[in-house]
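Peer 1: Taking this note's numbering, the leading residue of the sequence shown gets 2, the next gets one more, and so forth.
To start, I am sharing the structure in question, which I have written as structure tokens.
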Amino acid sequence: MVFRLANAAAVLLAATALLSVPPATAESSCTLSDSETCAVDSLTPSDDDGSVIIYPGGNTRCAFDDYTDSETTFSTNSTYFFQVFPNGGSDKSKLMIFFQGGGACADADTCAFGLQCSLGASATFTTAATASSAGVLDRSISDNMFKDWNIVFIPYCTGDIHIGNRVTAAYESGIEVLLGNSQCLGLDYAMHMNGYNNTMAVLDWALENYPDVDNLIVGGESAGSLGAQVHSAKIAEMWDVDGKGSRFSVLADSYVGVVPEDHPAAELLVYYGACTNDFGLSEDIVAACEAGTATTIEMIDALLKAQPEGNWLFIDSKGDKTQRYFYALVEEGILGYPFSDLISEGDFFSNMSTILDSYRKVSSRITTFYVESTKHVFLADSNFTSYESDEGLLLGDVINEWLISNSSLNSNSTETPTGSPSATTATPGATTATPTATTATPGTTSSPSTPPSPTFLTSVPQTASESICTLSDSETCAVDTLAPSDDDGSVLIYPGGNTRCAFDDYTDSETTFSTNSTYFFQVFPNGGSDKSKLMIFFQGGGACTDEETCSFGLQCSLGASATLTTVATSSSAGVLNRSISDNMFKDWNIVFIPYCTGDVHAGNRILEPYESSTAELLGEPQCLGLNYTMYLNGYNNTQAALDWALENYPDVDNLIVGGESAGSLGAQLHSAHIAELWSVSAKGTRFSVIADSYVGAVPANHTGSQSLHFTGVCGVNLGMPATVVADCDAETATTVEMTESLIEDEPQGNWLFINSKGDLTQRYFYALLEEGIQGYPFTDLHHKHFFVIYGEHFFDIDYKYCPFGLLGY
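Okay, structure coming up:
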């Protein structure tokens with residue numbers, strides 16, 4: 002349906018972008034030619050990072066011909082290069098070949114220029130070669146065990162996990178039209194899945210310059226992890242590691258190859274034109290690959306058998322969100338966006354561990370490093386050595402031991418490979434435990450069963466807290482009596498009373514639309530006795546604006562593309578994540594207010610069931626005629642959370658009210674009343690408002706108060722003066738007038754507005770107000786900057802395009 006991808010650009014990167022790191026362009030370069038071999042001993046490495054960029058020419062290239070789009074920021078460059086980090090001396094005994102990550106495509110739809118260009122900054126793979134000097138490439142990291150290695154870094158710009166060998170003609174499926182970037186269409190750009198040729202050009206140079214090594218590692222991150230695994234046997238053969246007695250190892254960071262059972266891994270290889278490439282696979286595996294039936298296990302097992310003396314280290318999060326999104330992309334295709342029913346962390350880990358345990362039956366040299374997290378990619382981080390495994394081991398210790406061991410380092414490795422010696426266990430000792438990092442996630446955190454907004458606010462799967470408390474006459478859920486979850490340090494509190502979400506409970510098997518009326522809020526105590534700092538943070542998650550968009554029938558018919566979140570969801574992302582080392586809020590007490598009412602947390606109205614003609618056009622008859630009332634109940638939900646917070650944190654020195662996207666508007670609207678509740682002026686409390694990614698720009702024919710009046714906001718106690726309340730009721734009050742009145746009510750408040758200059762989500766909401774839902778898919782978005790300056794307290798992050806709530810990262 003047309004709605005399903007109306008804001009695919011806002012969610013696609015989170016779904017499939019296999020993490021790449023910011024480019025760090027080297028100052029030194031060399032171009033291969035008949036007269037220039039770019040011999041390593043003749044190169045002058047950059048003073049910046051000690052690397053050299055080499056342009057191999059020949060049949061190397063990136064995915065698309067050169068193009069730059071001023072509207073979407075999408076840019077391509079066909080020229081390919083690779084990057085070399087000589088170790089600065091004459092020692093050539095240690096070489097690491099490292100494959101970059103950077104997204105992927107999976108079929109004709111996602112590999113098409115028109116779609117990628119239309120997605121702009123959210124393109125699903127990198128389309129220009131980029132240099133790096135991060136993580137294992139950074140020689141300035143004191144405990145980087147690879148700082149004295151020679152490293153050949155293979156950039157990635159082809160979307161084919163470094164293995165493709167196919168050119169496809171320009172293709173447009175019609176999905177692109179929904180994204181509203183007509184300038185990207187009809188440009189006739191072919192797609193060059195050229196990863197194999199690029200890789201072979203790099204390997205040819207590396208073999209020429211480092212022919213005799215004692216220690217050879219093939220590594221990669223994310224998409225590059227798969228590239229490293231697939232190329233491993235061929236690289237071992239090229240360097241003749243068996244004949245020369247070289248130590249050979251494979252370092253695979255954050256991609257194993259978990260795919261749905263009905264989509265064998267070979268299907269992707271067939272599409273990429275990769276099955277007949279020389280990877281060192283046996284004839285029967287090549288035949289199974291060409292037939293599209295070979296599984297991940299069958300193909301990697303064959304590569305392990307081809308090089309039985311290889312030492313493999315797999316580094317993965319147990320709940321890696323990126324790998325789970327790619328699983329969904331393969332299973333559902335792009336029309337399944339925004340993937341509201343991701344494979345669970347438990348099922349993903351079960352599938353992943355089944356694959357890796359299978360490898361142990363072939364080789365006794367398989368080591369796994371599992372992190373209790375959803376994070377994706379570790380070796381690109383400056384602190385990569387400090388990540389802690391589920392066994393309490395530090396990644397730096399494990400890598401150092403792995404570099405000298407010839408057997409699995411896992412204490413639970415019990416599989417004995419057929420025809421191989423029994424595995425021995427060498428367990429590195431753990432030093433000081435370091436908190437594991439979790440994936441930075443967009444701000445509107447919603448459960449896999451909770452459809453996010455396709456046009457307003459992106460969402461990520463729920464992070465459920467293990468600890469709960471239910472308010473009652475005999476249970477106050479006093480903060481000092483709570484036992485926070487070991488997972489994220491939070492507690493879920495169910496306030497009951499007059500709190501509830503938008504609709505009564507319902508699950509639709511056809512559209513994946515699901516509702517739950519029960520409301521809760523989430524508390525993150527700071528873990529100590531200090532209650533002087535409190536942040537109240539409002540979640541984002543979509544909106545409705547009129548009878549049509551607030552109706553059950555329409556939202557149910559939209560299914561996974563429902564425009565508002567209808568289930569309360571917890572989160573531990575961004576500012577809520579205490580494991581982020583530079584998170585300035587990690588020692589604050591935080592009350593997180595989930596959002597499931599579509600009314601920017603301020604509604605106070607009940608709408609009778611309404612069936613829109615638009616809902617009927619969507620072809621989901623099971624969603625119609627169900628007589629579900631809509632409860633715009635955000636105000637009552639918020640007040641319940643505030644009442645608890647005031648009871649438990651009555652005297653604070655520093656109070657922040659924050660929010661992301663729809664929650665940004667909620668924070669602004671409730672700010673004056675919250676300041677009044679805590680008597681910040683009388684007590685001399687520092688009071689601040691953080692408004693992330695929503696200001697309230699509306700069309701000239703819509704005042705900011707029209708939606709508020711519809712959702713019943715004007716009559717609730719928000720601390721606005723009577724004249725502004727009257728104007729709100731009359732639908733004449735503007736965004737500026739209402740917010741200025743709130744700022745004036747608490748003149749000592751410090752306000753921070755964080756916004757993208759071209760925020761696509763705010764522009765979509767602008768179009769929804771201007772055109773109504775009949776205007777979908779909004780192909781003529783308003784391009785002006787959405788800035789409303791309140792006094793002197795305004796801050797802008799200067800990104801051309803960023804659809805997510807920034808504080809969710």
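The C-beta atom is built at its ideal place from N, Cα and C for all residues, glycine as well.
(1) Are the CB atoms of Y596 and P610 nearer to each other than 8 angstroms?
(2) With a 10 Å radius around its C-beta and 16 neighbouring C-beta atoms as the bar for buried, classify G685 as buried or exposed.
(3) So A723 is in the alpha helix (DSSP H); what residue range does that whole segment cover?
(4) Does the distance from the C-beta atom of Q669 to that of L743 stay below 8 angstroms?
(5) For A109, would you say it is in contact with chain D, using Cβ-to-Cβ distances shorter than 8 angstroms as the test?
(6) For T415, I'd like the list of residues in its chain whose CB is within less than 6 angstroms of its CB, leaving aside the five on either flank, ordered along the chain.
(7) What's the gap between the Cα of S571 and the Cα of R579?
(8) On the CB-based measure, 16 or more other CB atoms within 10 Å of its CB, does M585 come out buried or exposed?
(9) Counting only runs that start and end within the region 301–355, where is the beta strand (DSSP E) found for 3 or more residues in a row?
(10) When the distance is taken between beta carbons, is V259 closer than 8 angstroms to Y816?
(11) Since H602 sits in a beta bridge, which residues does DSSP pair it with?
(12) Starting from A692 and walking both ways along the beta strand (DSSP E), at which residues does that stretch end?
(13) Measure the C-alpha to C-alpha separation of G697 and I607 and round it to an integer number of angstroms.
(14) Excluding the 5 residues flanking F539 on each side, which residues of the same chain have their C-beta closer than 6 angstroms to its C-beta?
(15) May I have a chain-ordered list of the beta strand (DSSP E) segments no shorter than 3 residues that lie completely inside the region 222–278?
(16) Does the distance from the C-beta atom of H264 to that of V331 stay below 8 angstroms?
(17) What does the alpha-carbon distance come out to for the pair T200 and M631?
(18) I think T704 touches T735, with their Cβ atoms under 8 angstroms apart; what is that distance to the nearest whole Å?
(19) May I ask you to report which of helix, strand or coil DSSP gives T425?
(20) Suppose you measure from the CA of T446 to the CA of S341; what does that come to, to the nearest Å?
(21) Under 8 angstroms: do the region 52–68 and the region 76–93 share three or more Cβ pairs, one atom per stretch?
(22) Give me the Cα-Cα distance between P722 and A673, rounded to the nearest whole angstrom.
(23) Start and end of the alpha helix (DSSP H) containing H674?
(24) Over the uninterrupted beta strand (DSSP E) stretch that includes Q523, give me the two end residues.
(25) Here's a check: name, in chain order, each residue in its chain whose Cβ is nearer than 7 angstroms to the Cβ of I591, leaving out the five neighbours to either side.
(26) CB T355 to CB W313, shorter than 8 angstroms?
(27) Return helix, strand or coil for I581, following the three-state DSSP convention.
(28) In this structure, how does DSSP classify N145 when only helix, strand and coil are distinguished?
(29) For C557 and L625, what's the separation of their Cα atoms in angstroms?
(30) Using 8 angstroms as the threshold, is the region 92–100 in touch with the region 196–211, meaning 3 or more CB pairs across them?
(31) Just curious, the beta strand (DSSP E) that K95 is in, first and last residue?
(32) Label V251 either buried or exposed according to how many other C-beta atoms from any shown protein chain fall within 10 Å of its C-beta, with 16 as the threshold for buried.
(33) Counting C-beta neighbours from all protein chains within 10 Å, is the total for Q623 16 or more, i.e. buried, or is it exposed?
(34) What residue does the beta strand (DSSP E) around R501 start on, and which one ends it?
(35) What is the residue span of the alpha helix (DSSP H) that K684 lies within?
(36) Classify S76 as helix, strand or coil using the three-state DSSP reduction.
Peer 2: The short version:
(1) Here Y596 is not near P610, since their CB atoms are 8 angstroms or more apart.
(2) Classification for G685: exposed.
(3) According to the DSSP assignment, A723 belongs to the alpha helix (DSSP H) that extends over A723 to D730.
(4) Taking 8 angstroms as the Cβ cut-off, Q669 and L743 qualify as a contacting pair.
(5) No chain D is part of this structure, which consists of one protein chain only.
(6) Because the pLDDT at T415 is just 43, under 50, the model does not fix this residue reliably, and the point stays unresolved.
(7) Distance between the alpha carbons of S571 and R579 is about 15 angstroms.
(8) Exposed, because fewer than 16 other Cβ atoms sit within 10 Å of the Cβ of M585.
(9) Runs of the beta strand (DSSP E) inside the region 301–355: 312–318.
(10) Outside the displayed span of the chain (2 to 810) sits residue 816, for which this structure offers no information.
(11) According to DSSP, which records beta bridges pairwise, H602 is partnered with nothing at all.
(12) Its beta strand (DSSP E) spans residues R687 to D693.
(13) Distance between the alpha carbons of G697 and I607: 24 angstroms.
(14) Apart from sequence neighbours up to five positions away, the residues of its chain that approach F539 with a beta-carbon distance below 6 angstroms are I594, H602, G660, G664, G667 and A668, ordered along the chain.
(15) Complete beta strand (DSSP E) runs here, min 3: 248–254.
(16) Closer than 8 angstroms, so yes.
(17) Distance between T200 and M631, taken at the CA atoms: about 56 angstroms.
(18) Right, the Cβ-Cβ distance comes to about 5 angstroms (below 8 angstroms), so this counts as a contact.
(19) Caution applies to T425, whose pLDDT of 29 falls short of 50 and renders its modelled position unreliable; the value that the coordinates give is listed next. DSSP places T425 in coil when its eight states are reduced to three.
(20) Low confidence applies to T446: its pLDDT is 31, below 50, so where it sits in the model is not reliable, and the reading given next is rough at best. Looking at the two C-alpha atoms, the distance is approximately 12 angstroms.
(21) Touching, yes, given that three or more Cβ pairs across the two stretches are closer than 8 angstroms.
(22) Approximately 11 angstroms between the Cα atoms of the pair.
(23) Segment A663 to L678, the alpha helix (DSSP H) holding H674.
(24) Bounds of the beta strand (DSSP E) holding Q523 are F522 to F525.
(25) In its chain, beyond the 5 residues on either side, F525, M536, F538 and L577 have a beta carbon closer than 7 angstroms to the beta carbon of I591.
(26) No, they are not a contact pair.
(27) Under the three-state reduction of DSSP output, I581 falls in the coil class, being neither helix nor strand.
(28) In the structure shown, N145 sits in coil (DSSP, three-state: anything other than H, G, I, E or B).
(29) For C557 and L625, the gap between their C-alpha atoms comes out near 8 angstroms.
(30) Contact between the region 92–100 and the region 196–211 is present, because at least three Cβ pairs lie under 8 angstroms.
(31) It spans K95 to F100 - the beta strand (DSSP E) in which K95 sits, taken as one unbroken run.
(32) Its Cβ being crowded by 16 or more others within 10 Å, V251 is buried.
(33) By the Cβ neighbour-count rule, Q623 is exposed, with fewer than 16 other Cβ atoms within 10 Å of its own.
(34) Segment: none, R501 is in no beta strand (DSSP E) and carries neither H nor E.
(35) Per DSSP, K684 belongs to the alpha helix (DSSP H) from V681 to K684.
(36) Of the three classes helix, strand and coil, the one that applies to S76 here is strand, per DSSP.
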